[in-house]
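In this note's numbering, the protein residues as written are 18 to 284.
Structure follows, in structure tokens:
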């Protein structure tokens, strides 16, 4: 079974699978060692780690270099978050395939405002183009931002777009921002494809069991792991600056433990 086949099969299990989003190779390696079956990149996390804002402003070359490093340290399938394709979706997808990536998120918004949602026909055309470019050995996760852009009828629009993306060749439909379990269940019922939601955007996320009860198949984490790490870094820096102490180090992973984690790659 190829990496793409392995990844695609995860979307058709009875229970959902968790897909952690990482921004650097060490974290990706840890994801695999912790037993996860696949790993995703986070465009937001990669941008933040390079002191940039999220939102398609990062140099694609830097994005691809980071993704390549992640692919090279793991043996599990890697899927990539490449936003709207950095001005050339076909070229971006071909680059991902050449790096060994087996899937990608394709977004239908250029920002978080109402007007940033890409027009229906243009969004569907992008998925058709993506399918023609990558073929069946690649998992297209078509993302619709009807919730994140604050559309008044976000649920209805997500259903309409999700079904259109599915007909255009998408393998999975991603609806970030949906929080109501009842609405998640409606999405699952109305769109005959695996549904991806993101945990950790804000508020209180559902539990794995609750997501499963809604019928979703894929749970990703977006930039939340990166934001959590930055929160911890900020707390440590505040302790040093304000208290002149270094107690944070008592909770740090020991050098020997990290060395042991990566020893298999060094031998």
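Built from N, CA and C at the ideal position, the CB exists for glycine as well.
**OP:** Write down every uninterrupted run of the beta strand (DSSP E) in the region 36-79 whose length is 3 residues or greater and which is fully enclosed by it, in chain order.
**Re:** 56-58
Original post:
Could you give the residue range of the beta strand (DSSP E) that holds residue 135?
Top reply: To locate residue 135, count along the chain shown from 1; it is residue 118. Taken as a continuous stretch (DSSP letters only), residue 135 belongs to no beta strand (DSSP E), as it is neither H nor E.
Original post:
If you drop the 5 nearest sequence neighbours on each side, which residues of the same chain put their C-beta closer than 7 Å to that of residue 79?
Top reply: Locating residue 79 in the chain shown gives position 62, where the first residue counts as 1. Excluding positions up to five away in sequence, the list reads 67.
Original post:
Quick one: what's got a C-beta closer than 7 Å to residue 107's C-beta in the same chain, skipping five residues either side?
Top reply: The sequence position of residue 107 within the chain shown is 90, counting from 1. The residues are 146 and 150.
Original post:
What distance in whole Å lies between the Cβ atoms of residue 189 and residue 28, which are believed to be in contact at a cut-off of 8 Å?
Top reply: For the purposes of this step, residue 28 is taken as the residue at position 11 of the chain shown. For the purposes of this step, residue 189 is taken as the residue at position 172 of the chain shown. That belief holds up - the Cβ atoms of residue 28 and residue 189 are roughly 6 Å apart, short of 8 Å.
Subject >> Segment contact flag, the region 97-104 with the region 50-65, C-beta cutoff 8 Å, min 3 pairs >> reply: yes
**OP:** Throw me the rounded Cβ distance for the residue 207 and residue 176 pair, which I believe falls under 8 Å.
**Re:** In the chain shown, residue 207 corresponds to position 190, counting from 1. In the chain shown, residue 176 corresponds to position 159, counting from 1. At roughly 5 Å, the Cβ-Cβ gap stays under 8 Å, so residue 207 and residue 176 are in contact.
Original post:
Count the other CB atoms within 10 Å of the CB of residue 250; is the residue buried (16 or more) or exposed (fewer)?
Top reply: Here the question's residue 250 lines up with position 233 in the chain shown. With fewer than 16 other Cβ atoms within 10 Å, it is exposed.
**OP:** Taking 8 Å as the threshold, find out whether the region 259-270 comes into contact with the region 79-93 through three or more Cβ pairs.
**Re:** no
Original post:
Given that a residue counts as buried once 16 or more other Cβ atoms are within 10 Å of its Cβ, and exposed if not, what is residue 240?
Top reply: As a working mapping, residue 240 is identified with position 223 in the chain shown. Classification for residue 240: buried.
Subject >> Residue nearest to residue 155 in terms of C-alpha spacing, selected from 121, 137, 134 and 242 >> reply: Numbered from 1 along the chain shown, position 138 holds the residue referred to as residue 155. Measuring from the Cα of residue 155, the nearest candidate turns out to be 121.
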